[in-house]
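Engineer:
Numbering (my numbering), first residue to last: 384 to 465.
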């Protein structure tokens with residue numbers, strides 16, 4: 384009998400950005416909204432949450448492995464060492 388299919392972990396971490404045109408409309412100003420969204424192929428999803436409420440890097444590594452894509456890589460590495 385073949386083994387059942389299982390979902391692999393592919394954790395993605397996104398940081399929400401806000402944009403607006405500059406005063407003279409020469410470029411766009413960008414700033415962080417302070418919200419992040421964690422999403423994994425296994426079905427885990429936080430929706431947009433405050434960055435300071437995201438799970439620790441250590442917890443994410445234990446539950447989902449190394450992030451597949453993250454805009455927070457240096458922050459996660461720092462948090463996992465703490």
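We put the beta carbon where it would ideally sit given N, CA and C, even for glycine.
#1: State the DSSP-derived secondary structure class of residue 420, mapped to helix, strand or coil.
#2: Any beta-carbon of chain C closer than 9 Å to the one on residue 432?
#3: Exposed or buried, which one is residue 417 when buried takes at least 16 other CB atoms within 10 Å?
#4: Going by C-alpha to C-alpha distance, which of 391, 402 and 420 sits closest to residue 412?
#5: Where do the N-terminal and C-terminal ends of the beta strand (DSSP E) with residue 399 fall, by residue?
#6: Where residue 421 and residue 395 are concerned, what is the direct C-alpha to C-alpha distance, given to the nearest angstrom?
Structural biologist: In brief:
#1: strand
#2: In summary, chain C is missing from the structure at hand, where a single protein chain is found.
#3: exposed
#4: 402
#5: 395-404
#6: 6 Å
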